[in-house]
Amino acid sequence: MVAKILFDGTKKSALGEWHEAAASTDLAEGQGLQVQRGHDRIYLCRSQGFAHAVEDRCTHGEAAFSESGRVRSGFLLCLAHGARFDLASGRCLGAMRCPQLRRWRVLEENGAIFLGEEYPPG
Ligand code: FES
Numbered sequence: 001m002v003a004k005i006l007f008d009g010t011k012k013s014a015l016g017e018w019h020e021a022a023a024s025t026d027l028a029e030g031q032g033l034q035v036q037r038g039h040d041r042i043y044l045c046r047s048q049g050f051a052h053a054v055e056d057r058c059t060h061g062e063a064a065f066s067e068s069g070r071v072r073s074g075f076l077l078c079l080a081h082g083a084r085f086d087l088a089s090g091r092c093l094g095a096m097r098c099p100q101l102r103r104w105r106v107l108e109e110n111g112a113i114f115l116g117e118e119y120p121p122g
C-alpha cells in the first residue's frame, strides 16, 4: 500500500521530536505504507504487533518495499530478488549480502503512530 501522509502533529519528549505519521488503525498486522518525511521515503509497517519504520528502498537493488515488499513475522521480504531484512535491526538476513536498512524510532500511543529520530547505523 502506498500512501503519502503529511505530518500533522508534532510533540516533544526526552527522546526528541516526534511527528505523527499515521493512525494506529491505518496499519494492520502484516501491512505497510509509505510516508514522506522531508526527502526521506519511509516504509511504516506492522509485524508481530509492533510498528517499524525503515527506508522505503531495498538496499539490494532499490525496489520500494511499498510496491514489492511483504511484511512477515519479524522481517521484511523484498519480492524483487528475495532479500530479507530483520525489522528490529535493519540487517540483511540469509545468504544475500545487502547493506543495513536505515531505520527510525517509532512510538505508538493513543491511537496514533509517531516517527522519531533516525537510528544511527550499526
Ligand atoms: S531489489 Fe530487493 S532483493 Fe533485489
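Residues in the sequence shown are numbered from 1 upward in steps of one, following full-length UniProt numbering. Just so you know, even glycine gets a beta-carbon here, dropped at the ideal spot from N, CA and C. This one's a predicted model, so the numbers in the text were calculated from it and none came from an experiment.
Whose C-beta lies closer than 6 Å to the C-beta of residue i among residues of the same chain, with five residues either side of it excluded?
i, result
"Met1", "The predicted position of Met1 is uncertain, since its pLDDT is 45 and thus under 50; a value taken from the coordinates is nonetheless stated next. These residues qualify, in order along the chain: Leu33."
"Asp86", "Phe75, Leu93"
"residue 123", "No answer is possible for residue 123: it lies beyond the span of the chain, which begins at 1 and ends at 122."
"Glu29", "Arg46"
"Tyr119", "Arg103"
"Phe18", "Note that residue 18 corresponds to Trp in the displayed sequence, not to Phe. Excluding sequence neighbours, Trp18 sits near Lys11, Leu107, Phe114, Gly116."
Does residue i come within less than 8 Å of chain D when only Cβ atoms are used?
i, result
"Cys78", "Absent from the structure: chain D. Only one protein chain is present."
So who's on the other strand from residue i, going by DSSP bridges?
i, result
"Ser47", "Phe50"
"Cys78", "Gly69"
Using C-beta distances below 7 Å, list every residue in its chain close to residue i, excluding the 5 sequence neighbours before and after it, in chain order.
i, result
"Gly16", "Gly116, Glu117"
"Cys58", "Phe65, Cys78, Ala80, Ala83"
"Ser24", "Glu108, Gly111, Ala112, Ile113"
"Asp26", "Leu33"
Residues in the same chain with beta-carbon distance under 8 Å from residue i, minus the five sequence neighbours each way, listed in chain order, please.
i, result
"Ser73", "Ser47, Gln48"
"Met96", "His60, His81, Gly82, Ala83, Arg84"
>> As a quick check of your reading: which residues have a C-beta less than 5 Å from at least one non-hydrogen atom of the ligand FES, in chain order?
In response: Cys58, His60, Gly61, Ala63, Cys78, Ala80, His81, Ala83
> So, do the segment 61-74 and the segment 103-116 have three or more beta carbon pairs nearer to each other than 8 Å?
Replying inline: no
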